[in-house]
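What follows is one structure encoded as structure tokens, with my remarks underneath.
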């Protein structure tokens, strides 16, 4: 048989047969004689790409683009290689070129949408996916990824509709059910969300889907199989969290060892390769210490409410403060205060994680402070690129981040006692009083509306529990119902989180012999009115194992005593930390029985309750919890100590700040 005259025939046969390394080698032999031969360059790139050698693939495709700049496939596949190398900005530009050369290429538009989403340019991502769907209405990946982008911009119902269209095409992928469940959860359709996570779990019995289902049920106060599910979570091996966030663990279990193990497992499974930025080069530091605060919550949000006055109190002779904001662009009074409190306020919503880290490096940020951790809309990926020589977990996430790139966690002696440091991958920086700042300027209406305004009885005792619904675990609710049963003419004032949890809580109360009418639900009101309505309550009942955090701070500021049950993990010790710093450690309990007894005793002793209110009124002027200028000096001392170690070439270590 006469041999083929095509020098690439062997390479193409090897490629079609899945022998990718051999195909690449065959192409390289051809390229040794014909270094600009487009077909050889493109085929070598495909073999390297599908073989997982992404740097080599990008190199071949870049040469292919040079050889034939008008070929859309070369630009498209170069973009695919760049996405695999975590270079989404460059990839998006190549997809744009490919789409201009081939406007009817649905995969090009869909993949460009994925790149735009990586860059947090979600509106453009949606438009790109919709161009793909206009060309190919049954394009499964475009439908699924459009759902992700719609969720990211808060269009939860539209996201669900996009997932539904995808699932009509292919109902095998558990991740599509899980993503639909996440959108339903964000839209507060809790039962439907739990059903989606069940569908995901049925297709792949993955721990992450089980965790998400339980969190959705807790958010809706749907408590079926609660004890069984909690046991399953606490006994799971440290793996399988790649598909979800560790955040729900904090609300479901007071087991810090399990929280750490599962978070570390999540990080190990989710970690990418080395940063495209490379190692952070050593640099000489002089002048002011540059602090970078990174958050999606620089607007009317609990984290911002806590932090704003501390930002205002920073010593500008010693510190320079930059905010990196990647949350929604809101126009509210708190946002204006935050902008004015910083030397620079950067809106980086549409910037990739690596580019945000690169900008922080260019600005010479010394300490990068993550205010979000694994909460909604956070960007923990920024810190994998090492945005600064020192990186700190602070305020917004009540637990370890489980990653070696985070150097320190800011705490206090109650929040993380010395014997508990092993539950955190970060080194612990212990402030002298309380880890949590506060805002003495927070607005509260001077006139308190009558109790009847909020559906509360004129007489009788009002227990207040303004918690997110996912924090209301059945044992805690049982305790609250026992308290109501023991205190005549009392009501429990809860935060309204939607009709579903309200109806379920009313039913649960009735099943325990408590008139559902004794549960009163607080609707959303403006912040100043919300603060003022605390005066309508007599005693705040904390939640366990996830305490009220900023909510405890607000209650104490408004003179409302708080009874807490202190646990083992960070999330279960916050209220105890605040009560210690405000001078009311007698309101800290360590068991359900003690918690219940204390709440009942206080309810039956008006004089004692009045005395606690008097102590809180005096504490406004004297307690460390409300001394924001002194708090800020301690926080600054912590930053300076971290930098001192870094400048001396020392590894991070535990730090204690003197009062």
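In our numbering, the protein residues as written are -6 to 652. Glycine residues also receive a C-beta, built at the ideal position from the N, C-alpha and C atoms. Everything numeric in this text was worked out from a predicted model, so none of it was measured.
About 7 Å separates the CB atoms of residue 380 and residue 354; that is less than 8 Å, so the two are in contact. Looking only at 573, 551 and 550, the smallest Cα-Cα distance to residue 557 is reached by 573. The shortest C-alpha to C-alpha distance from residue 57 to any of 498, 24 and 535 is the one to 24.
When beta bridges are read from the DSSP output, residue 318 appears opposite 288 and 340. The beta strand (DSSP E) runs of length 3 or more contained entirely in the region 355 to 386 are, from start to end of the chain, 360 to 363 and 383 to 386.
Taking the C-beta atoms as reference points, residue 40 is found no nearer than 9 Å to residue 67. Burial check for residue 239: the Cβ neighbour count within 10 Å reaches 16 or more, so the residue is buried.
Around the beta carbon of residue 164, a 10 Å sphere encloses fewer than 16 other beta carbons of the protein chains shown; the residue is thus reported as exposed. Our two residues, residue 430 and residue 570, have alpha carbons roughly 12 Å apart in a direct line. From the listed residues 436, 78 and 500, the smallest Cα separation to residue 519 is found for 436.
At a Cβ-Cβ threshold of 9 Å, residue 455 and residue 487 do not count as neighbours.
Separation of the CB atoms of residue 304 and residue 314 is rounded to 6 Å, and the pair is thereby assigned contact status at 8 Å.
Leaving aside the five residues that flank residue 457 on each side, the residues in its chain whose CB is nearer than 6 Å to its CB run, in chain order, 486, 530 and 533.
The C-beta separation of residue 364 from residue 389 comes to about 4 Å, placing the pair in contact by the 8 Å criterion. Scanning its chain for C-beta atoms nearer than 7 Å, with the 5 sequence neighbours on each side dropped, one finds around residue 95 the residues 65 and 101, in chain order.
If you draw a 10 Å sphere on the C-beta of residue 610, you find fewer than 16 other C-beta atoms in it, and that means exposed. The C-beta separation of residue 360 from residue 632 comes to about 5 Å, placing the pair in contact by the 8 Å criterion. The DSSP-derived three-state label of residue 277 is coil. In terms of CA proximity to residue 294, 327 leads the group 406, 327 and 645. Residue 155: not part of any beta strand (DSSP E); member of the alpha helix (DSSP H) spanning 149 to 162, first to last residue. Residue burial is scored here from C-beta neighbours: residue 607 has fewer than 16 other C-beta atoms within 10 angstroms and is therefore classed as exposed. DSSP, reduced to helix, strand and coil, places residue 486 within a strand of the structure shown. Within the model, the alpha-carbon separation for residue 621 versus residue 613 is close to 11 Å. Around the CB of residue 302, 16 or more other CB atoms lie within 10 Å, so the residue is classed as buried. Excluding residues up to 5 positions away in sequence, 338 lie with their Cβ nearer than 6 Å to the Cβ of residue 332 in the same chain. Under the three-state reduction of DSSP, residue 401 is assigned to strand. Residue 370 has its alpha-carbon roughly 19 Å from the corresponding atom of residue 204. Within the DSSP secondary-structure output, residue 555 pairs in a beta bridge with 533.
Out of 115, 523, 220 and 423, the CA that lies nearest to the CA of residue 551 is found in 523. For residue 409, the secondary structure class from DSSP, reduced to helix, strand or coil, is coil.
Residue 118 and residue 175 have their C-alpha atoms some 19 Å from each other. Membership of residue 650 in any alpha helix (DSSP H) is not indicated, and neither H nor E is assigned to it by DSSP. A contact is defined here as three or more CB-CB pairs under 8 Å, and the region 96 to 116 meets this definition with respect to the region 66 to 82. Residue 254 and residue 222 have their alpha carbons spaced roughly 18 Å apart. For the pair residue 172 and residue 398, the Cα-to-Cα distance works out to about 28 Å. Annotated three-state conformation of residue 456 is strand, per DSSP.
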